[in-house]
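Numbering (the UniProt record's numbering), first residue to last: 1 to 241. Note that beta-carbon positions come from the ideal geometry of N, C-alpha and C, so glycine has one too. Source: prediction; values computed, not measured.
Right under this line is the structure:
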């Protein structure tokens, strides 16, 4: 089983469609989710044969903004659950195997509206005990170091995303490709592909420890810190701790 999600930034161009087909063929993807299609439902679903799939379900864009599409083959059973302009929720089983939940997400672009995406995902988590894969473009980061731009992310907006991830029990599976979503004035496709699969995973590098000031706002932070120092005993550095 493998899943691919791609913020394609528009499926109205033949070059993007050709590249998308090559990606799907190379990865032998069970499920392909495209985000920011910027075209209507009929156009997205009509590309299923071109992309090498038997079935498709799409949500139309709002003008030239947004749009989602989900593709799969006949040996994969997909039950489409409630969907919106910002997500497609589904239950998937492959070759008669155990079912699992798959949610393709395109997060609210406006910072003030991010909480709507987080609330939606928390509701989905609470509504089903099935194993869950949640992929897409959340329009948010878990760490400030993941964002490179003029406007710095605030602790508050990152904290909201992290809280949702913790409550939903989600784990960051990483990505494949460039470590940014897009940039301006670039010829051709600018994208970050995210690939999830059970086979051939690369060994992840150990992540650098980062101290977050927001931890100090927790009412039990200092008591927990003191207890940890006592329990560890001879730890002399944060790394040892």
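query                                                                                                                                        : result
To the nearest angstrom, how far is the alpha carbon of residue 27 from that of residue 220?                                                 : 46 Å
Just reading off the alpha helix (DSSP H) that residue 87 is part of, what are its end residues?                                             : No alpha helix (DSSP H) holds residue 87; the beta strand (DSSP E) holding it covers 87-94.
Taking only runs that begin and end inside the region 22-101, name each unbroken beta strand (DSSP E) of 3 or more residues, in chain order. : 31-35, 55-59, 68-72, 76-84, 87-94
Is residue 224 helix, strand or coil by DSSP?                                                                                                : helix
Please state if the CB of residue 86 and the CB of residue 32 are separated by a distance shorter than 7 Å.                                  : no
Under DSSP, the alpha helix (DSSP H) around residue 119 begins and ends at which residues?                                                   : 114-126
Using alpha carbons as the reference points, say which of 142, 5, 9 lies closest to residue 158.                                             : 142
Kindly identify the DSSP beta-bridge partner or partners of residue 137.                                                                     : 106
To which residues does DSSP link residue 7 through a beta bridge?                                                                            : 35
Figure out for me which residue from 94, 90, 138, 19 has the closest Cα to the Cα of residue 113.                                            : 138
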